[in-house]
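*Asks:* The following block contains the structure, expressed as structure tokens.
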Amino acid sequence: MKTLLLTLVEVTIVCLDLGDTLICYKTKSPEVLVTCKGREKYCYKESYMVFPLVNSYHRGCTEYCRNPNSSQCCATDKCNK
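Going letter by letter, the sequence shown gives residues -19 to -1, 1 to 62 in mature numbering (1 follows the signal peptide of the UniProt record, and there is no 0).
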């Protein structure tokens, strides 16, 4: 019985990948969150000027920090709000 219980705990930990996933915002309004894939270790928020004084923002997960001039990069859950 103990062996079965230990096996179930191990399978649960492997399947859930505890502590190794990052959660980032995909959109702010409405708030949509995404769970990053294995190699995506950063959340990003990029801004683009659409019209004068009007910015558009893109958010999500990434493997590396993109353009440092227009991006904010961070490595904790929900840090790209």
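Note that beta-carbon positions come from the ideal geometry of N, C-alpha and C, so glycine has one too.
Would you mind reading off the limits of the beta strand (DSSP E) that contains Asn36?
*Replies:* Note, Asn36: beta strand (DSSP E), 35 to 43.
*Asks:* Taking the alpha-carbon positions, what's the Arg20 to Glu44 distance?
*Replies:* Near 6 Å, if we compare the C-alpha coordinates of Glu44 and Arg20.
*Asks:* Per DSSP, Cys24 is paired with what?
*Replies:* According to DSSP, Cys24 bridges with Cys42, Cys55.
*Asks:* Alpha carbon to alpha carbon, what distance is there between Asn36 and Arg47?
*Replies:* Near 18 Å, if we compare the C-alpha coordinates of Asn36 and Arg47.
*Asks:* Pick out whichever of Lys9, Arg40, Lys59 has its Cα sitting closest to the Cα of Ser52.
*Replies:* Minimum Cα distance to Ser52 is reached at Arg40.
*Asks:* So is Glu27 buried or exposed if we call it buried at 16+ other beta carbons inside 10 Å?
*Replies:* Classification for Glu27: buried.
*Asks:* Where does Leu3 sit, in a helix, a strand or coil, going by DSSP?
*Replies:* Three-state DSSP puts Leu3 in coil, outside helix and strand.
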